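These notes are about the structure you will find just below.
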Amino acid sequence: MPAQWAAVETLIRDLGGVRAAAFGMHASQAASAAVEQAIREATEAVADTLDAPADPAVIARAHEAIEVVADVLATFDHELVRSLRVRARGAELRSRAKELIEKSRGHRQSSVDGLPASSRK
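Going by this note's numbering, the sequence shown opens with residue 66, and the numbers climb by one from there.
Shown next, in the form of structure tokens:
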């Protein structure tokens, strides 16, 4: 998967995480309405990334919208949000690891391509 789509995939997972967290939230009607509004806005921002997966501004906007949901949830359940942030950080680290592996594979291939044909086996 190209790196640009990895970022979108991470956003979709993060959005799913905050959506799942909201389902488990026990709060007042007003608090639930605030969470639902934040989730709607985050969903729209993530959907926008499908049309512009390589646009850093669109990706950043989606990240920020998901953070807003997490912040709204934080007002109701601090432990839940800590868990969501750890999960999001893990997804970022997995994405970075994929990039490094792909870069390493590309570097290794270019090294092989630079050898004379008699040196390749």
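Yeah, the Cβ is synthetic: ideal placement off N, Cα and C, and Gly gets one too. Computed from a predicted structure; not experimentally measured.
{"Item": "The stretch 92-104 / the stretch 119-126 touching (three or more Cβ pairs under 8 Å)", "Value": "no"}
{"Item": "Reduced DSSP category for T140 - H, G, I as helix; E, B as strand; rest coil", "Value": "coil"}
{"Item": "Contact set for A68: own chain, Cβ-Cβ below 7 Å, skip 5 residues either direction", "Value": "E164"}
{"Item": "V111 beta carbon less than 8 Å from that of L138", "Value": "no"}
{"Item": "E157 and T75 closer than 8 Å at C-beta", "Value": "yes"}
{"Item": "Distance, I104 Cα to D113 Cα", "Value": "14 Å"}
{"Item": "P118 - DSSP class collapsed to helix/strand/coil", "Value": "coil"}
{"Item": "Span separating the alpha-carbon of S93 from that of G155", "Value": "31 Å"}
{"Item": "Beta-carbon proximity list for A107, same chain, < 8 Å, skipping 5 on both sides", "Value": "L80, V83, A127, A130, I131, V133, V134"}
{"Item": "Residue of D136, A95, W70 minimising C-alpha distance to A86", "Value": "D136"}
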